[in-house]
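See below for the structure under consideration.
Here is the structure:
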């Protein structure tokens, strides 16, 4: 397995944000990490990347502890997240070139040019980041995410600000990377249609616990308790939201 | 530590300087204003009856060197703050970049900025006040080193505090040297301080640096006892700052505050 999370628990004072979360992601898998706001998705992602120290449990990326083997692990990982910004005065190309150097790319300039082309933003290369629209900024974030040709990608709401055409291009790129390179993706989104289309498996979190995991159709059948012919993750999501008041009562 | 990652941080700061007028202002504008101000003051005081020979040179020289110390400390902390303001920290530290590589990049850039500021301030002092600091530099440099290492220790501590307590306390970045200044004997000798404050002054590397610099500027040799005391205290404060930073950084990650810094 490329990523193995075992009994991951995180307490913030008296509040348990993650409660013995265990899951794995294999090479070439696209796994959706889903759940309502406050379910623990971001805490999980940030723990994987070492931004939050777990209270207990273990994380293994490429068989290594990411906190102890930062260099080896993070050379093969990349991320897009609403928490990631770019220096606003630097141009798109300058921002990406800094990241290319951080990843030690030998052909950084060519790689950036090619990615700007794939994402249709070559004309923005000399534009300061502060002057980009949210959709353009998202595409720059995706360029950064693809820069080091990662083996493991963490995509936190990656398509939220994209128009349908751009979203289609990005999905195509992800699927190409998955098929050609075996890139694994951990994907968080509230857009259930996108998740059904992209993800091989999904993990539903609620209040820090995994409440269901499997293929989209397996989770649909398990949570809704019906023999559905096709995935219906939006219904699953809504049904889980509906349960919360009764569960807490 | 990898040179290409340190170089990436240098590149990021160079790009910032290219686009951001604030960086130019920090590096050159304030050092020049300082020298002009202290130059007029020293001319005025130097012409009063009873002024000691070389009094104006002392004031100008120490104004230049204090500016180097203050700017270097501030720029290390502000360089880090600029990543928070841009929400760039998560992006940077999701790469193989380590904290030590990041800090090394900041140190290199800000040493260059401090050197540029000192050269410009020195030229202004030479042109307007006929005070030439450059021939003194070889003998001043060891004392200047004491200042820079202490500035780095203060910068690291402030950075750790900002990690832990966020930008609420960001003003420490540009104000903490003001707190140190009265006790650092920048413009007056240690004897001028009230006896009760001298232990505080002696505990600061800056005091030993400026005492040594005054000796050099009055034509004396490099003050070895001041250098030993200065670098000894520097080593202590740098070690303490590093330990404090490590603990503050751990506490920040443990509390999940790293992703909330803004």
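Protein chains in written order, with the working numbering: chain A, 31 to 279; chain B, 13 to 274. C-beta atoms are modelled at their ideal positions from N, C-alpha and C, and glycine is treated no differently.
Residues within the stretch 15-40 of chain B neighbouring chain A, beta-carbon criterion of under 9 Å: 16, 17, 19, 20, 21, 23, 24, 27, 28, 30, 31 and 32
For residue 80(B), the three-state DSSP class (helix, strand or coil): helix
Closer than 7 Å to chain A by CB, residue 91(B): no
Reduced DSSP secondary structure (H/G/I, E/B, other) of residue 152(A): helix
Chain-order list of residues whose beta-carbon lies under 8 Å from that of residue 184(B) (same chain, five-residue window excluded): 89, 170, 173 and 174
Within chain A, partners of residue 185(B) - CB distance below 9 Å: Here the premise fails: no neighbours, minimum Cβ distance about 18 Å.
Exposed unless 16 or more other CB atoms sit within 10 angstroms - verdict on residue 57(B): exposed
Proximity of residue 40(A) and residue 73(A) at Cβ, strictly below 7 Å: yes
Identity of the residues DSSP links to residue 217(A) by a beta bridge: 62(A) and 185(A)
CB contact check: residue 266(B) to chain A, cutoff 7 Å: yes
Min CB distance residue 276(B) to chain A below 7 Å: Within the shown structure, residues of chain B are numbered from 13 to 274, placing residue 276(B) beyond reach of any answer.
Beta bridge counterpart(s) of residue 158(A) as assigned by DSSP: 121(A)
CB of residue 257(B) within 7 Å of CB of residue 168(B), strictly: yes
Residue 17(B) vs residue 109(B) beta-carbon contact at 7 Å: yes
Alpha carbon of residue 253(A) to alpha carbon of residue 264(B), nearest angstrom: 37 Å
Beta-carbon spacing of residue 155(B), residue 225(B) below 7 Å: yes
Limits of the beta strand (DSSP E) - the one that residue 88(A) falls within: 86-91
Span of the alpha helix (DSSP H) around residue 119(B): 111-141
Neighbour flag for residue 99(B) against chain A, beta carbons, 7 Å: yes
Chain A contact for residue 117(B) (CB, 7 Å cutoff): no
Neighbour flag for residue 87(A) against chain B, beta carbons, 7 Å: no
Rounded C-alpha distance that separates residue 34(A) from residue 49(A): 16 Å
Residue 105(B) burial status per 10 Å Cβ neighbour count (16 or more: buried): buried
Through-space distance from residue 101(B) to residue 143(B), alpha-carbon basis: 43 Å
Residue 54(A): first and last residue of the uninterrupted beta strand (DSSP E) it sits in: 45-55
7 Å Cβ shell around residue 222(A) - same chain, five flanking residues per side excluded: 263, 264 and 267
Assumed close pair residue 44(B), residue 72(B) - CB separation to whole angstroms, cut-off 8 Å: In fact, because the Cβ distance is near 13 Å, the residues do not count as touching under 8 Å.
Classification of residue 94(B) by the beta-carbon crowding that lies within 10 angstroms, buried from 16 upward: buried
Limits of the unbroken alpha helix (DSSP H) element including residue 136(A): Note, residue 136(A): premise wrong, no alpha helix (DSSP H); not H, not E.
CB contact flag (residue 155(A), residue 122(A), <7 Å): yes
Cβ pair residue 129(A), residue 271(B) closer than 7 Å: no
Residue range of the alpha helix (DSSP H) that includes residue 52(B): 42-58
Beta-carbon spacing of residue 55(A), residue 38(A) below 7 Å: no
Residue span of the alpha helix (DSSP H) that contains residue 251(A), given as start and end: 246-254
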